[in-house]
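**Student:** Pasting a structure below so you can have a look.
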Amino acid sequence: MYIHYPLDNLPTSFYFNIHALDNKENASLPVITSTTTSATIDSLVVFMKSRKAPSSWCVTEHQNGIDLCKLEPTFVNGHKSCRTVTVSNTLSVHVTHNGSPVSLENTGIPDQISSIQDFEYALSRISCMTACDGLRGEIYTETKYPAVRAVVETVREGQGEPQQLLRSVECSQLLLAPSGAKVVRCTKCNNVRSAVKQARWRREHLKEQSGDDCQTPGKRTHWDYLTDEQKKEKYDTMKNKRVRADERATYHKGRYDTLKDSVRLTVEDNRDMTEIFRKMDRDVTKLFPNDERRQLLWKIQKDHVTNKRNQWNTEFLDVCLQLWQRSKQGYADMKDSGFLTMPSERLLQYKKNTVNQRPGLHTEVFQWMAKEAEQQGVTGRGRHGLVVFDEMKVQGSVQLRRVGDEFEIAGLVDMGEGDFYRSMQALQTAGEQKAEMATHVFQVAFKGCEGFFFPFAWFPTTEIAPINIFQCHWDSVFHLQQHGFFSHACLCDGGQANRDFIMGHFGSKDDAIRERFSVKNMYGEGRYSFIMDPPHNIKKLRNNLEKSTLGGTARCFKTKSKNILWAHLKEAYLHDKTNARAPVTSCRIKDGHFQLTPATRMRNHLASDIFSDDMLELLDNYQDFKRQKGDADSMSMTIQYVTAANIFVKTFANKKPIRNMDDPRLVQLDGALQWFLDWKEEVDEGVFQTTKERNQAYISEKLHFDLCSMVMGYRSYVQTMSTLFPGMGMISASTNQDALENMFGCVRASNGSNTNPTILQPISKRVHSLPKLQDPERELFEEVIYKHSTHISDLRASISHIRY
Numbered sequence: 022m023y024i025h026y027p028l029d030n031l032p033t034s035f036y037f038n039i040h041a042l043d044n045k046e047n048a049s050l051p052v053i054t055s056t057t058t059s060a061t062i063d064s065l066v067v068f069m070k071s072r073k074a075p076s077s078w079c080v081t082e083h084q085n086g087i088d089l090c091k092l093e094p095t096f097v098n099g100h101k102s103c104r105t106v107t108v109s110n111t112l113s114v115h116v117t118h119n120g121s122p123v124s125l126e127n128t129g130i131p132d133q134i135s136s137i138q139d140f141e142y143a144l145s146r147i148s149c150m151t152a153c154d155g156l157r158g159e160i161y162t163e164t165k166y167p168a169v170r171a172v173v174e175t176v177r178e179g180q181g182e183p184q185q186l187l188r189s190v191e192c193s194q195l196l197l198a199p200s201g202a203k204v205v206r207c208t209k210c211n212n213v214r215s216a217v218k219q220a221r222w223r224r225e226h227l228k229e230q231s232g233d234d235c236q237t238p239g240k241r242t243h244w245d246y247l248t249d250e251q252k253k254e255k256y257d258t259m260k261n262k263r264v265r266a267d268e269r270a271t272y273h274k275g276r277y278d279t280l281k282d283s284v285r286l287t288v289e290d291n292r293d294m295t296e297i298f299r300k301m302d303r304d305v306t307k308l309f310p311n312d313e314r315r316q317l318l319w320k321i322q323k324d325h326v327t328n329k330r331n332q333w334n335t336e337f338l339d340v341c342l343q344l345w346q347r348s349k350q351g352y353a354d355m356k357d358s359g360f361l362t363m364p365s366e367r368l369l370q371y372k373k374n375t376v377n378q379r380p381g382l383h384t385e386v387f388q389w390m391a392k393e394a395e396q397q398g399v400t401g402r403g404r405h406g407l408v409v410f411d412e413m414k415v416q417g418s419v420q421l422r423r424v425g426d427e428f429e430i431a432g433l434v435d436m437g438e439g440d441f442y443r444s445m446q447a448l449q450t451a452g453e454q455k456a457e458m459a460t461h462v463f464q465v466a467f468k469g470c471e472g473f474f475f476p477f478a479w480f481p482t483t484e485i486a487p488i489n490i491f492q493c494h495w496d497s498v499f500h501l502q503q504h505g506f507f508s509h510a511c512l513c514d515g516g517q518a519n520r521d522f523i524m525g526h527f528g529s530k531d532d533a534i535r536e537r538f539s540v541k542n543m544y545g546e547g548r549y550s551f552i553m554d555p556p557h558n559i560k561k562l563r564n565n566l567e568k569s570t571l572g573g574t575a576r577c578f579k580t581k582s583k584n585i586l587w588a589h590l591k592e593a594y595l596h597d598k599t600n601a602r603a604p605v606t607s608c609r610i611k612d613g614h615f616q617l618t619p620a621t622r623m624r625n626h627l628a629s630d631i632f633s634d635d636m637l638e639l640l641d642n643y644q645d646f647k648r649q650k651g652d653a654d655s656m657s658m659t660i661q662y663v664t665a666a667n668i669f670v671k672t673f674a675n676k677k678p679i680r681n682m683d684d685p686r687l688v689q690l691d692g693a694l695q696w697f698l699d700w701k702e703e704v705d706e707g708v709f710q711t712t713k714e715r716n717q718a719y720i721s722e723k724l725h726f727d728l729c730s731m732v733m734g735y736r737s738y739v740q741t742m743s744t745l746f747p748g749m750g751m752i753s754a755s756t757n758q759d760a761l762e763n764m765f766g767c768v769r770a771s772n773g774s775n776t777n778p779t780i781l782q783p784i785s786k787r788v789h790s791l792p793k794l795q796d797p798e799r800e801l802f803e804e805v806i807y808k809h810s811t812h813i814s815d816l817r818a819s820i821s822h823i824r825y
């Protein structure tokens, strides 16, 4: 790197002993000053006369600066060829060659000098530049091409014979050429060469069309006239051309992407930067002290930039797989951004498909599950939890799946080995074997009490029957126990088949309530509980309330001679929104909470907001307003309904652990459920009401059953876990199906806007659970990947996919 001598520190009168420069080899060069123009130019003239300056340059002083001329052994149009460097009084540098200006752009030569070293460097670079050879040959010089902007010059090398060459009128004259190049030609002259070739081709083509030359008859190349060998040869040739064209396009696209934002350094700067990075590589611990993750990332990126065949680090591959399974589009955007060199999606698919999971329960999958739990450091307590199951609708069609060099049929009902389902079908059809098209995928997963989640089985089915759920569920509990995992409850949504499955363990609904929705565990200690998914129940509470009106709907809730109406909530919201005297109480409640569509009805947060503290405040404010108008308590029962539902929402969204059965949240849950039980008892004892009126006055029987299962089943589950692990709390916020639902959402979203995937899409798109990202990994990857993802807000809660 150059050390620049300042130009503004030298006195006005500057003199030095030129013999000191001639006689002392290590004498320092004079420092140029810009105090006066004459002193500056004199300094350069003195330097050029010293031994330090190149001897091949001649110096001429004039009023506006100095000219340096270097003669060459070539004659152009009878004149001696020369290159001239002009340094003006403002210290700007201009170069000409044979009278034509030379552009200094992209040459590394400064157009303004600030030191003797800059001046010396510029002269050395200009001396090394090569003159453009132009275009030699008769086809370029003898034929006239009016449309081509070029001139013909006569060139003689020393004592040799004169030759003519064609040169562009915009020729660069001088350029930096690699050593050993046979032809040195600038870009402008190359363009002239291409234009001449096109002009010659057009002339030959016109000559052939005019009939001046005899034309040879064309060969019969039509496909119909070719033999089989010629067809095969032509096909192979065309195929090879297409392959090569694709390869060239891919190469040049990658080359362009690499170079479009690149910066070309000078030789000295490149050498310095290379040495800096070499020192950093030698001791990366100084670059990132006490941070092994960043040291590892630096090493991985360096290895894969310099060596494309390098093997990926296992930890880095796991992190990339975790990001990819959360959002495939986000991972693709991050990879294409160029900030990091990351594994391809195909490699990630190879890694996630290490176990070929077939329908049913299989030992290799449970072994994989145990290995994942060990890698994640799951404790013995974390291996206790519950079984979660749900089903997703798929297209009822037969699909072909490639397995090696063969294909297998996918899309038929398959309940795994043993196939109890087919045996029952055979009994119903008197032994007739009949294949059925699968329209749903039944997914079973394990969720540990410390957060470990792993989907371990799937079944292509029609709408699954309760007897099949019973068999799959208890077989799953048995296989889990065989591999060191223990289920103490099952969690499902409020489908009718799931209710029938639960009722299969009890004699009646009253028996289920009396037993607190728990039975003796068939394959373990303590009781086994059945829990309905809380988010589904919250949405059902909202939907039932929405149907409650004073006329023409299926519901008209009434208790203690007062109605519970959806209109009360809507009026309270509109009053708060439109009354100028009252500021808007809540920013969470919006019009979308009341103007529901089939899609928005499925949003969990919209139902939770309806029963939030903000909604209760709106109702209280509106009740106070109505009290001033003479209406004291017409909305009191609606407020109690929302209050009871609010307890459900807050309890099952609370992330603080419940450590014993005396926890106030469990007491509040019992109180909220008791409010619904008292309401039902009041409605059932209303002798003056008809059956229809009783059904309209209370929530649906299905929702009543689900609420009892949600509260009582969860209490039984907490009691079982507290007995097994005293003092270790249970987090109620994790008692839901969100992980499984989001997994289904990722499958549907993996191919764009597709709500009805085929059976092969879950096979190829899902992956199993992976270790959660640690804090250093999140700092390095998670923030960046979320910024590039457009779908991550809806899919962020997803913990895993599964490969079918």
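Sequential numbering from 22 applies to the sequence shown in our numbering. Just so you know, even glycine gets a beta-carbon here, dropped at the ideal spot from N, CA and C.
Can you tell me whether DSSP reads W696 as helix, strand or coil?
**Tutor:** helix
**Student:** Considering only the beta carbon of each residue, do A466 and V386 sit closer than 8 Å?
**Tutor:** no
**Student:** On the DSSP letters alone, give me the boundaries of the alpha helix (DSSP H) that V340 sits inside.
**Tutor:** T335 to R347
**Student:** On the DSSP letters alone, give me the boundaries of the beta strand (DSSP E) that K101 sits inside.
**Tutor:** H100 to S109
**Student:** Run through DSSP, which three-state label would S550 get?
**Tutor:** strand
**Student:** Any idea what DSSP makes of T95, helix, strand or coil?
**Tutor:** strand
**Student:** For my contact list, L571 and L595 are in at a C-beta cut-off of 8 Å; report their separation, rounded to the angstrom.
**Tutor:** That belief does not hold up - the Cβ atoms of L571 and L595 are roughly 18 Å apart, past 8 Å.
**Student:** Excluding sequence positions up to five away, which residues of its chain have a Cβ less than 6 Å from the Cβ of I720?
**Tutor:** N565.
**Student:** Within the same chain, show all residues whose beta-carbon is closer than 6 Å to that of S77, passing over the 5 residues directly before and after it, in chain order.
**Tutor:** K91
**Student:** K468 by DSSP, collapsed to three states: which one?
**Tutor:** strand
**Student:** Mapping the DSSP letters down to three states, classify I668 as helix, strand or coil.
**Tutor:** helix
**Student:** Between Q332 and N542, what straight-line distance do the alpha-carbon atoms span, to the nearest angstrom?
**Tutor:** 48 Å
**Student:** Starting from R188, trace the alpha helix (DSSP H) in both directions and tell me its first and last residue.
**Tutor:** No alpha helix (DSSP H) holds R188; the beta strand (DSSP E) holding it covers Q184 to S189.
**Student:** For the alpha helix (DSSP H) that N716 lies in, which residues bound it at each end?
**Tutor:** T712 to A718
**Student:** Comparing alpha-carbon positions, which option in L286, G545, A518 and P364 lies nearest H405?
**Tutor:** G545
**Student:** Assuming T672 contacts Q689 under a Cβ cut-off of 8 Å, what Cβ separation, rounded to an integer in Å, is found between them?
**Tutor:** 7 Å
**Student:** Between which two residues does the alpha helix (DSSP H) containing M623 stretch?
**Tutor:** Element bounds for M623: n/a, residue is neither H nor E.
**Student:** DSSP three-state label for D683, please.
**Tutor:** coil
**Student:** Cα separation between N777 and K281?
**Tutor:** 42 Å
**Student:** Under 8 Å, do R715 and D705 count as touching if we go by C-beta distance?
**Tutor:** yes
**Student:** The alpha helix (DSSP H) that contains T744, what's its start and end?
**Tutor:** Annotation for T744: the continuous alpha helix (DSSP H) segment containing it runs E722 to L745.
**Student:** I need the boundaries of the beta strand (DSSP E) containing R457, first residue and last residue.
**Tutor:** Looking at the sequence shown, residue 457 is not Arg but Glu. Taken as a continuous stretch (DSSP letters only), E457 belongs to no beta strand (DSSP E), as it is neither H nor E.
**Student:** In angstroms with no decimal places, state the Cα-to-Cα distance between Y247 and G275.
**Tutor:** Going by the sequence as given, residue 247 is Leu instead of Tyr. Cα to Cα, L247 sits roughly 39 Å from G275.
**Student:** Leaving out five residues on either side along the sequence, give the residues of the same chain with a beta carbon under 8 Å from the beta carbon of M682.
**Tutor:** R736, V739, Q740 and S743
**Student:** Do the segment 143-152 and the segment 170-177 make contact, defined as three or more Cβ pairs closer than 8 Å?
**Tutor:** When Cβ pairs closer than 8 Å are counted between the two stretches, the segment 143-152 is seen not to touch the segment 170-177, the count staying below three.
**Student:** Which partner residues of D88 appear in the DSSP bridge assignment?
**Tutor:** T81 and T107
**Student:** Is it true that the segment 375-394 meets the segment 492-503, where meeting means three or more beta-carbon pairs spaced less than 8 Å apart?
**Tutor:** yes
**Student:** Distance check for T111 and Y277, CA to CA, integer angstroms please.
**Tutor:** Distance between the alpha carbons of Y277 and T111: 39 Å.
**Student:** Going by DSSP, which residues form a beta bridge with N584?
**Tutor:** BP columns for N584 point to K579.
**Student:** From the DSSP output, in three-state form, read off D411 for me.
**Tutor:** D411: strand per DSSP, three-state reduction.
**Student:** Per DSSP, which residues does I134 bridge with? Please list them.
**Tutor:** When beta bridges are read from the DSSP output, I134 appears opposite no residue.
**Student:** From which residue to which residue does the beta strand (DSSP E) around S539 run?
**Tutor:** S539 to K541
**Student:** Can you tell me the Cα-Cα spacing of G573 and Q717, whole angstroms?
**Tutor:** 11 Å
**Student:** Who are the Cβ neighbours of N98 in its own chain at under 7 Å, not counting the five residues just before and after it?
**Tutor:** E174 and T175
**Student:** Which of helix, strand or coil does DSSP assign to M524?
**Tutor:** helix
**Student:** Can P481 and G432 be called in contact, C-beta distance under 8 Å?
**Tutor:** yes
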